[in-house]
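S.K.: Using the UniProt record's numbering, read the sequence shown as starting at 1 and increasing by one per residue.
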Amino acid sequence: MTRAGFVRLASPCRLRACSGWLPPMELSNVNWLQRFPSLAELAPSELTPLQGGAVAMALPAGVTVFAPDQPCNFFILVCEGQVRVYQLDAEGNEIVLYRIGPGGMCILTTLALLADQSYSAFAVTETPVEAIGLPAATFHDLMGRSAAFRRFVFNAQAARMADLMRVIQHVAFESIESRLASRLLALTSGKPELEITHQQLAAEIGTAREVVSRHLKAFEKRGWVSLGRGRVELRNAGPLRAAAAHTGR
């Protein structure tokens with residue numbers, strides 16, 4: 001597991017390369033607050049501790065940001081890149097809970113800070129990531145005295161909860177065939193070919209690799225897809241859309 005590197009930011013609060021646990025990375029010299037326009041509502045007296053406490057995070061792809069039972073010390077705001085948050089079941093199968101992109105924050109981080117608890121899931125960078133971390137003390141200080149900051153946190157929390165509810169709905173009420181067809185269509189986004197392994201697809205829909213392999217082979221026999229090593233090519237999107245629309249078990 002790779003540890004994240006941090007560097008404290010001076011005012012004005014601009015991203016720069018981290019040093020320490022990670023090799024230095026070239027970061028874009030942009031004002032990170034532009035990624036979070038709702039924070040512009042903060043009064044100058046509230047922006048001062050926000051900027052003064054902010055810590056820049058420069059993370060390459062494949063870094064574990066947090067894991068179960070680890071303490072939560074920072075409120076994380078993603079400026080660039082993408083983070084995948086996931087859980088493992090008793091058999092070790094991964095299920096993706098949600099992804100955090102530019103301008104996003106992590107619901108599990110917020111819950112851990114508010115409840116003073118450890119993390120209950122994993123997060124890993126899927127691409128190089130530029131992020132801002134607010135120390136727990138700064139987060140609690142702003143939550144206590146800034147209505148604008150509380151609105152920012154709870155509005156983002158509500159949106160992320162909707163994402164989690166969709167995951168629960170898919171896993172609890174939709175068939176594997178429907179979930180797999182829907183995810184293939186979403187991941188290709190109009191492109192005919194997708195570079196992805198059966199294991200990665202299994203994580204996307206919350207099931208075992210063997211189950212995905214079996215259904216993909218069935219799709220291939222029907223002429224819906226063509227399979228290769230680490231590759232899925234969509235051959236007939238119409239039946240896939242029909243399967244995705246059939247949400248019952």
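Glycine is no exception: its CB is placed at the ideal position from the N, C-alpha and C atoms. Since the model is a prediction, treat every value here as computed from it, not as a measurement.
In chain order, what residues of the same chain have a beta carbon less than 6 Å from the beta carbon of Ala148, not counting five sequence neighbours either side?
M.R.: Cβ neighbours of Ala148 beyond the five flanking positions: Glu41 and Leu42.
S.K.: So the candidates are Thr125, Ala208 and Val225; which of them puts its Cα closest to the Cα of Gln91?
M.R.: It should be pointed out that residue 91 corresponds to Glu in this sequence rather than to Gln. Of Thr125, Ala208 and Val225, the residue nearest in Cα terms is Ala208.
S.K.: Which residue comes first and which comes last in the alpha helix (DSSP H) that contains Ala203?
M.R.: That run of the alpha helix (DSSP H) goes His198 to Ile205.
S.K.: At 3 residues or longer, and completely inside the segment 33–112: list those beta strand (DSSP E) runs for me, N to C.
M.R.: Listed in chain order, the complete beta strand (DSSP E) runs (minimum 3 residues) inside the segment 33–112 are 55–59, 64–66, 74–80, 83–88 and 94–100.
S.K.: So, using beta-carbon positions, are Cys72 and Ala121 closer together than 8 Å?
M.R.: No, they are not a contact pair.
S.K.: Out of Ile76, Ala245, Gly104 and His246, which has the shortest C-alpha to C-alpha gap to Ala156?
M.R.: Ala156 has its Cα closest to that of Gly104, out of Ile76, Ala245, Gly104 and His246.
S.K.: For Arg241 versus Gly223, is the C-beta distance shorter than 8 Å?
M.R.: Against a cut-off of 8 Å, the Cβ pair of Gly223 and Arg241 comes out as no contact.
S.K.: In the structure shown, what three-state DSSP assignment does Arg231 receive?
M.R.: Strand, per DSSP.
S.K.: Could you compute how far the alpha carbon of Phe66 sits from the alpha carbon of Val85?
M.R.: The straight-line gap from Cα to Cα measures roughly 9 Å.
S.K.: In its own chain, which residues sit with a C-beta less than 6 Å from the C-beta of Cys106, not counting the 5 before and 5 after it?
M.R.: These residues qualify, in order along the chain: Ile76 and Ile100.
S.K.: Can you tell me the Cα-Cα spacing of Val232 and Ile196, whole angstroms?
M.R.: So the alpha carbons of these two residues sit roughly 7 Å apart.
S.K.: Quick one: using the 10 Å Cβ neighbour count with 16 as the cut-off for buried, is Ile168 buried or exposed?
M.R.: Label assigned to Ile168: exposed.
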